[in-house]
Structures are given as structure tokens and as C-alpha cells.
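Numbering (my numbering), first residue to last: 266 to 788.
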Amino acid sequence: MNNTDKTQSIDNAAIAGTSVPDLEIPFESCVRDKNPDPCAIVIVGASGDLTARKIVPALFNLYLNEGLPDPFLVVGCARTKLSNQEFRDKMKNALKTANILDDQKWQDFSESLYYQAIDYGELPSFKALARSLRELDIKHDTGGNRVFYLAIPPSLYKSTAQMLGKAGLSTEGEKKNSWAKIVVEKPFGRDLDTAIDLDRSLHEHFQEHQIFRIDHYLAKETVQNILMFRFANAIFEPIWNRQYIDHVSITAAETLGVEHRAGYYEQAGVLRDMFQNHMMQLLALTAMDPPSLFEADRVRDEKVKVYRTIRPFPTADLKDYLVLGQYGAGTIDGKRVPAYRDEPGINPESLAPTFAMMKVFLDNWRWQGVPFYLTSGKRLAKKLTEIVIQFKEVPHSMFRRTLGEEIAANRLILGIYPDEKISLTFQTKNPGARVCLRSVTMDFHYNQSYTGPVLDAYEKVLLDVMLGDHMLFWRQDGVERCWSFLTPILKECETCKAPSELLIPYESGTWGPNIIRDLTKKR
Ligand code: NDP
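Laid out in C-alpha cells, this is it:
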């Protein structure tokens, strides 16, 4: 196989006298299935962090890889008064910072960038936006198709969706087959009630097929690969259950602290920031049953079934299931870092957790009695995201006379960051006269035989929104199920008389509070 012919092949293998034929897949067909319709991407909150760091760089990269429709439009709006040129300059700087600026291509790309100042609370302001969009639609021939990306604080989601609707911007079919879509960033509410309330407001003017609840984690190649790995191979599914699996650990560890998002994080804490969305998605992908078809609603049906089986935590014995922590000062990569409470913009007496580990059980036939340890935190020893499937030990050791009873059990790691890999650890004989075992690891690195373009998570979700594919987006029943599990825990933690007892300090640069060991001991 050579890389220049841009084909992916599975090597021939001679197995018991038969060989597996080469399977050839053109790389281009892996990048995208089809091109989206011409459309306008309207970013509400375009003066903010997400637009500059993620959305516009993702759009520019899509443009470079010919993933944007032709023609396309990007219209930024926010309260800040900017001219088209000022907005273009700001976005150019953002691309420079992201190290992806290509001056030649930027020139063409920037001609499709516009800006309009809006007042989020004023209907005339949205009506003016609607008029401008109609003019730009005609000028750029974008067919009246629009994506509205809400890159604003969550407190503005409801009112902004309503204003868009009242200004007629949620209406579809104004021009032949024209569509309108709305993209909502996490968090989807603060708890179950607010999530239901937000959904009701979105549905006042938008129908479910128009709503895209983003969790960009889901669009990471290695996260998507979990389903391929599990359900495109026959050998794993028969052992993917309580019969063979001892426990599962899902970890998303960061070395970063709260950075520039103090206001948001003080309100959210790690449970809302990581568990209500990313961790629950990783849990569902690991634990779900195979859907009958790789199709958005069938995949999401199976995920929701997992959420339905989560055993609620007994709030009186929360400590047996949950450890919460908050980072203190410490050392990361050789540099001293401050405690959470000493970070700019943080309340010096803050009780926001920056670390959580929970032991989750799923009440169904497949997983009864198997603990899932979900861990996420800031300022931990290493940036790491992985799922570890720990298999049970051999039922009987024939080597016990020479090696003792203990033989390390098999372990399968689905690495998401930094190593995008799948690795399986098993026992082999150590070469030599003595009978000795050694653990060896068989690794598959995700990019090892692939040199084509890879879509970053935001590029993938933006492309899917334009294509109308809901596979990687949350459905409201999933959101509500996860909040149903988390809301009583949050209430207990936030209203208990001595919340500081539930919150254990840990040193930055470690793996969190020492007490987490107790959680894994007790079953
Ligand atoms: P910002 O805080 O940067 O806000 C975006 C824009 O909203 C601002 O530029 C500002 O524009 C406007 N805005 C901010 N506060 C107010 C306010 N109180 N009243 C009215 N307008 C306000 O947010 P981000 O860009 O960081 O995030 C946008 C959304 O994306 C949020 O919901 C966030 O939770 C979510 N998100 C962000 C991520 C990130 O990495 N930044 C990651 C994942 C999700 P102006 O004043 O010009 O109107």
C-alpha cells in the first residue's frame, strides 16, 4: 500500500489457508458524504471567545478542505459595535493565533464575512437582522438557508431563540425548500427544570428537526470510533458484559485550571461542566446495546436506554458513590500554580467542585454489578481522556504452583487523548528457562495508516448541522434523563448544611483527593 494513491487497505492475511481480501475505501469518501446546501451561518455572540477560538477557525479549515458549501456566508452578530472590516480583522487575528492563517485563502474567505450589531432584547433589532439576511441571501445566492449558532451565555438562549422566531427567522420554506437551524451550546439548563424550560422555549418557534444541541466531544474521531470498534467487530461484543468485565473507568483529566472562564465555572462546577454532557456520552457509548442501524435516532434511542438504567445515588450515602474535590496550589509541568480560590474572578470561599469521581451502576442484564468509575477534574497530573475496560481475572490459575495465584487480568484501553489508540494488555511467557509471565500490550494508533485530512470536532459538528445530520447531537430525552440522575446529587451537594465536608481539597498536579481509593474498594 502506498499513501499517495489515497486508499486505505486492510492487509491480506493468510488465516488457516484462506486470505482476507483487500478492502479499499477512497479517503475522500471518509471525509464527507455529500456537500451541504448553500447557506448563511449566523453566529450570535460573535464578539466572544467561542467564535474566535473555535467556530471561525473551524469554518476556515472547512473552507480550506472544501467542506463549506459554495456559496456560503458567515454573519456575526453581538451587541458590540463593529464594522464588517473590524469583524474581519478580528477573525483574521483569531486565525493567526490559531496558526492556520493562509493569506491567499483568507482573502476569498473574508469576502463572505459580515457583521451586524444587535440588541438581544429588542425585536426591531432582530427584524433588521432578518432584512439584512434577506439582502445578503440575494447578493450571495445562499437560497434562504440559515444556521443560527447561539454563542452567547446560556442565560440568553431562551430569549434569543424567541426573538429569532418572532422576527420570522425560524420559518422554513420561505424560498423553495429553504431551511433554518438553531445550534445550542452546552450547558442545556442548570438542572432538570431549567432544561425542560429551555426546551419549551426553543420549541415555541423551532421544531425538533431544526434544533442541534452540541456536544463537540462526540465529534472527536476516537469517540466516534468507539461504536465502530464495538459493533463492526464480532469478537468484542460477546465478552462486553458482566460475565467478563470487572469494572470500567472513564477518565477525562485536565492540567488546565479555570483559565478565563471563572464566571461560568463558578456557576457550573465540574458536575455541570463535564458530567452532564461529555462523561454521560462516553458512558453511553461504552455501555449501550447495538442499534439496529447506524442512524441518528436509533443510536440515540440506545443511548437513552442506558441513561434509563442508571441507578440513582442514595442521597443519604452520597459519600459511598461520589468524591468531590477542589484544587489547591501545586506544581504542573514544573511551574507553581495557584489554588482555585486564588484564581482571578473566583470567590475566595467558593464551594465549586473542580474534581469529581463517581461510581455508577447500570441496572440491566448486561451490566448488573459492574461499577463504572467516572472521573474528571482540573489541574490533575496529566491531560488524559480514556476508557479502560478491566476484564476479570482468569477463573482458575494452572500456574499457581510456580507463579502464585495472581495473574494480571486483561485490560483494554480506548485512548482518546493524548494517544488516540486502542490497546489490549495480555499475558505472555517471558523468554527463558524459568516459567515467568509478562504483560505485553498490543497497540493500534488511530492515525497510524492514515495520512489524509482529519476533521476537528467543531468542523465535524458544523458540517453535520449544515447537512442536517443529528447523529452527534443530544436529543432532549437524553438531556432530561441525565439531569434526572444529576439534579438530586447537585441539590444535595449545594444545599447540604456542611458542603465543605463533601468537598475535599487536592494538590494541583496530583490525581485528585486521596480518598478516591476508598470508592474503588467498596462494592
Ligand atoms: P462569552 O462569555 O465570550 O460571550 C459571548 C458573547 O456574548 C460576548 O462576546 C458578548 O458579546 C455576549 N455577552 C456576554 N455576556 C453577556 C451578557 N451578560 N449579556 C448580554 N450579552 C453578553 O462566551 P463564549 O464565547 O465563551 O461561549 C459562548 C457559549 O458557548 C456559552 O454558552 C458557553 O457556555 C458555550 N461554550 C463555550 C466554550 C468556550 O470554549 N468558550 C466551550 C463550550 C461551550 P456582546 O457584548 O458583544 O454582545
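For glycine and all other residues, C-beta sits at the position ideal for the given N, C-alpha and C.
Exercise. Taking the alpha-carbon positions, what's the alanine 527 to cysteine 761 distance?
Worked result: 23 Å
For this session: Return the chain-ordered list of same chain residues with a C-beta closer than 6 Å to the C-beta of aspartate 708, the five sequence neighbours on each side being excluded.
Result: Lys686 and Ser688
For this session: Take every Cβ of the stretch 368 to 382, pair it with every Cβ of the stretch 335 to 353, and state whether three or more of those distances are shorter than 8 Å.
Result: Of all C-beta pairs linking the stretch 368 to 382 to the stretch 335 to 353, three or more are shorter than 8 Å, placing the two stretches in contact.
Problem set entry | Start and end residues, alpha helix (DSSP H) containing aspartate 464 | Per DSSP, the unbroken alpha helix (DSSP H) holding aspartate 464 starts and ends at 457 to 470.
Exercise. How about arginine 411 and valine 321: are their beta carbons less than 8 Å apart?
Worked result: no
Exercise. Glutamate 293 by DSSP, collapsed to three states: which one?
Worked result: Unreliable placement is indicated for glutamate 293, whose pLDDT of 49 sits below 50; no coordinate value is reported for it.
For this session: Return the first residue and the last residue of the alpha helix (DSSP H) that aspartate 523 is part of.
Result: The sequence shown places valine at residue 523, not aspartate. It is not in any alpha helix (DSSP H) - valine 523 carries neither H nor E in the DSSP assignment.
Exercise. Leucine 768 to leucine 639, Cα distance in whole Å?
Worked result: Within the model, the alpha-carbon separation for leucine 768 versus leucine 639 is close to 17 Å.
For this session: Run through the stretch 674 to 705 for me and flag every whole beta strand (DSSP E) of 3 or more residues, listed as ranges in chain order.
Result: Counting whole runs of 3 or more residues, the stretch 674 to 705 contains the beta strand (DSSP E) stretches 676 to 682 and 686 to 694.
Problem set entry | the stretch 649 to 656 touching the stretch 507 to 522, judged by at least three CB pairs closer than 8 Å | With a cut-off of 8 Å, the stretch 507 to 522 and the stretch 649 to 656 count as touching, because enough Cβ pairs lie within range.
Exercise. Between the Cα of alanine 317 and the Cα atoms of Ile417, Asp368, Asp373 and Leu394, which residue gives the shortest distance?
Worked result: Ile417
Exercise. Since leucine 645 contacts tryptophan 444 with CB under 8 Å, what's their CB separation in whole angstroms?
Worked result: The distance from the Cβ of leucine 645 to that of tryptophan 444 is about 43 Å, inconsistent with a contact at the 8 Å cut-off.
Exercise. Is glycine 408 close to chain D, meaning its C-beta is less than 8 Å from at least one C-beta of that chain?
Worked result: In the structure shown, chain D does not exist; there is a single protein chain.
Problem set entry | Separation of serine 397 from glutamate 289, as counted between CA atoms | Caution is warranted here: a pLDDT of 45 is assigned to glutamate 289, below 50, making its placement in the model unreliable, and the coordinate value is therefore given only provisionally. Separation of glutamate 289 and serine 397 (C-alpha to C-alpha, rounded to the nearest whole angstrom) is 47 Å.
For this session: Just grab the DSSP bridge partners of serine 390 for me.
Result: Serine 390 is not bridged to any residue.
Exercise. Taking three-plus beta-carbon pairs below 8 Å as touching, is the stretch 470 to 487 in contact with the stretch 597 to 606?
Worked result: Three or more Cβ pairs closer than 8 Å define a contact, and the stretch 470 to 487 falls short of that threshold against the stretch 597 to 606.
Exercise. How big is the Cα-Cα spacing for valine 535 and leucine 751?
Worked result: 12 Å
Problem set entry | Burial state of aspartate 480, where buried means 16 or more other Cβ atoms lie within 10 Å | buried
Exercise. What does alanine 518 pair with, by DSSP beta-bridge criteria?
Worked result: Gly642 and Leu649
Exercise. Under the rule that 16 or more other beta-carbon atoms within 10 Å means buried, what is alanine 278, buried or exposed?
Worked result: Here the model assigns alanine 278 a pLDDT of 39, short of 50, so the residue's position is not dependable and the matter cannot be decided.
Problem set entry | Under 5 Å, CB to nearest heavy atom of the ligand NDP: contacting residues | Gly310, Ser312, Gly313, Asp314, Leu315, Ala343, Arg344, Thr345, Ala416, Ile417, Pro418, Pro419 and Glu450
Exercise. For phenylalanine 559, does the count of other Cβ atoms within 10 angstroms reach 16, so buried, or fall short, so exposed?
Worked result: exposed
Problem set entry | DSSP-derived helix/strand/coil call for leucine 608 | Note that residue 608 is glutamate in the sequence shown, not leucine. In this structure, glutamate 608 counts as coil in the three-state DSSP scheme.
For this session: Check whether the Cβ atoms of methionine 384 and arginine 344 sit closer than 8 Å, and answer yes or no.
Result: The question names methionine, but residue 384 in the sequence shown is aspartate. Yes.
Exercise. What is the rounded straight-line gap between the Cα of serine 662 and the Cα of proline 696?
Worked result: In a straight line, the C-alpha of serine 662 is about 20 Å away from that of proline 696.
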